[in-house]
Structures are given as structure tokens and as C-alpha cells.
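Only one structure is covered here, and it is reproduced in the block below.
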Amino acid sequence: MITPVHRSLLLIATAFLYADAVDVQYTDCGSTIPVGEVTVEPCPSLPCELPRGGKTKFGIQFQPDQDAGYLGQVEARTVVWGMAVPISLDSTQICGHVHPKCPLKPGQWYTYSRTIHINKSYSRMTVPLQWLLMDSNGNLMVCVEIQVEIV
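Throughout the sequence shown, residue numbering follows mature numbering (1 follows the signal peptide of the UniProt record, and there is no 0), covering -21 to -1, 1 to 130 in sequence.
Quick look at the structure:
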């Protein structure tokens, strides 16, 4: 059971973890549960600039409304000329990239965080970047879209 003291410590730890991250505006693209902050690090200006050959850290706060278990999946993609282009992730599991740790329980706020490498071969352009989080049954929980500029 999480006590108010544990909850306060969790919020403080999360605040320190994301002290350098920027809370960005996002468009909800079909989330079925509450979404809190979406952060990008580094993001000195909007749209967030993703340097080719560099790494960028993304964070998404969310609150499941039912037991989502251990087997949730994540997908990241850009949309170029109306077509979804997947971004390769070394692991598509939510667990291992979420705090507090899995299993995902209803009513608890979680922060999914992931650092991705921006391939040098990517073209310079401004594109929408979507993050999708699915529960253990493959049902969409979170879909957020942010505008990024690959530089």
C-alpha cells in the first residue's frame, strides 16, 4: 500500500529526475486514460529540435484505469506525408521503462521514460512524433503527438 509519505517521496524523486526536461504541449491522439505531463529533454525551444546523431529523452505521465499488468507494449512513430513510419526501439515493453515499476495498477500515476537515438540518416524536417502505450491485451491506453524538428 502506498502511503501519503511514499507518494510525496515519489513526486519529489520524479521532479528531480525531470528537472532538465521541458514539459511540452501535445495533442492527444486517442488516449483512453488520463495523461499528465509529456516531457522532452533536451528541448530548448518549440518545436523540440532533435539533433541527428544525438539522443533525446521522452517522458509521459499516465494513470491506468484498470489493471494493465506486466505485458504492456509501446510504439513510437512519425507521420511523414500521411504515412506512419515506425521508430525502432530496442524494447517494445513498457515495463523496464516505467516508474513506479510494473505491474501497472489502476489509479496509480506512472511515468514512462525512454531515450531514443536520432539516426544521422534521417532527413531534416518538422514532423509529428507519436507515442502509443498499450495494455497487456493490446488495447490503446495512451496516444500523444508532439511536433519535433529533426535538425
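Glycine is no exception: its CB is placed at the ideal position from the N, C-alpha and C atoms.
For residue i, three-class secondary structure by DSSP
i, result
"residue 101", "coil"
"residue 80", "coil"
"residue -4", "Residue placement at residue -4 is flagged as unreliable, the pLDDT there being 40, under the threshold of 50; a coordinate-derived value is accordingly withheld."
"residue 8", "coil"
"residue 15", "strand"
"residue 29", "strand"
"residue 42", "coil"
"residue 2", "strand"
"residue 87", "coil"
In DSSP terms, what residue i is bridged to
i, result
"residue 20", "36"
"residue 107", "126"
"residue 53", "112"
"residue 62", "59"
"residue 94", "36"
"residue 119", "113"
"residue 48", "83"
Same chain, Cβ closer than 8 Å to residue i, neighbours up to 5 away in sequence not counted
i, result
"residue 53", "68, 71, 72, 73, 76, 91, 93, 110, 111, 112, 113"
"residue 12", "41, 42, 43, 44, 120, 121"
"residue 117", "52"
"residue 64", "56, 57, 58"
Close Cβ partners of residue i (< 6 Å) along its chain, the five nearest in sequence each way excluded
i, result
"residue 29", "35, 97, 127, 129"
Contact test: residue i Cβ vs the ligand ADP heavy atom, cutoff 7 Å
i, result
"residue 101", "What this structure holds is no ligand at all, so the ligand ADP is not there to describe."
Take every Cβ of the stretch 82 to 89, pair it with every Cβ of the stretch 38 to 55, and state whether three or more of those distances are shorter than 8 Å.
yes
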